[in-house]
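Student:
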Amino acid sequence: MGVTLAKGGNVSLSKAAPNLTQVLVGLGWDARSTTGAPFDLDASALLCQAGRVLGDEYFVFYNQLRSPEGSVEHTGDNLTGEG
Numbered sequence: 142m143g144v145t146l147a148k149g150g151n152v153s154l155s156k157a158a159p160n161l162t163q164v165l166v167g168l169g170w171d172a173r174s175t176t177g178a179p180f181d182l183d184a185s186a187l188l189c190q191a192g193r194v195l196g197d198e199y200f201v202f203y204n205q206l207r208s209p210e211g212s213v214e215h216t217g218d219n220l221t222g223e224g
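The working numbering puts the first residue of the sequence shown at 142, with every later residue one more than the last.
#1: Between which two residues does the alpha helix (DSSP H) holding lysine 148 run?
#2: Return the chain-ordered list of same chain residues with a C-beta closer than 7 angstroms to the C-beta of leucine 182, the five sequence neighbours on each side being excluded.
#3: Decide if valine 201 is buried, meaning its Cβ has at least 16 other Cβ atoms within 10 Å, or exposed.
#4: Using three-state DSSP, classify alanine 157 as helix, strand or coil.
#5: Have a look at asparagine 160 and glutamate 214 and give me their C-alpha separation to the nearest angstrom.
#6: If we ignore side chains and look at the alpha-carbon of each, how far apart do glycine 196 and alanine 178 end up?
#7: Give every residue of the same chain whose Cβ lies closer than 7 angstroms to the Cβ of valine 166, excluding the five residues on either side of it in the sequence, and list them in chain order.
Set out below in structure tokens:
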């Protein structure tokens with residue numbers, strides 16, 4: 142199953158794929174073809190239960206690459222958009 146999200150978009154994984162056991166999120170983009178600073182996209186994940194974030198340690202991003210129990214892992218920064 143593939144999902145394309147626009148800025149600010151979201152999807153309910155429990156509704157879209159109730160038997161889901163694993164998710165892989167990837168960001169890809171074309172290198173800047175005009176002058177200016179290169180693009181830098183950042184991805185993050187908030188782990189929730191009952192509609193609330195479990196706590197700061199459950200915010201996974203470039204500076205905190207794993208959730209405490211290891212269910213979410215951020216593979217680090219990619220500055221090229223390739224891969």
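Using N, Cα and C, we set each Cβ at its ideal position, and we do this for glycine too. For clarity, every value in this text was computed on a predicted model and none was experimentally measured.
Tutor: Walking through what the data contain:
#1: On the sequence shown, residue 148 is found 7 positions in, with the first residue counted as 1. Boundaries for lysine 148: no alpha helix (DSSP H) harbours it, and the DSSP string shows neither H nor E there.
#2: As a working note, residue 182 is residue 41 in the sequence shown. If the five residues before and after leucine 182 are omitted, its C-beta is found closer than 7 angstroms to the C-beta atoms of Leu168, Trp170, all from its own chain and listed in chain order.
#3: Here residue 201 is taken as the residue at index 60 of the sequence shown, counted from 1. Buried.
#4: The residue given as residue 157 occupies position 16 in the sequence shown. Per DSSP, reduced to three states, the secondary structure at alanine 157 is helical.
#5: Against the sequence shown, residue 160 aligns to sequence position 19. Against the sequence shown, residue 214 aligns to sequence position 73. Straight-line Cα distance between these residues: approximately 20 angstroms.
#6: Mapped onto the sequence shown, residue 196 falls at position 55. Mapped onto the sequence shown, residue 178 falls at position 37. Taking the straight line joining both Cα atoms gives about 34 angstroms.
#7: Indexing the sequence shown from 1 puts residue 166 at position 25. Leaving aside the five residues that flank valine 166 on each side, the residues in its chain whose CB is nearer than 7 angstroms to its CB run, in chain order, Ala184.
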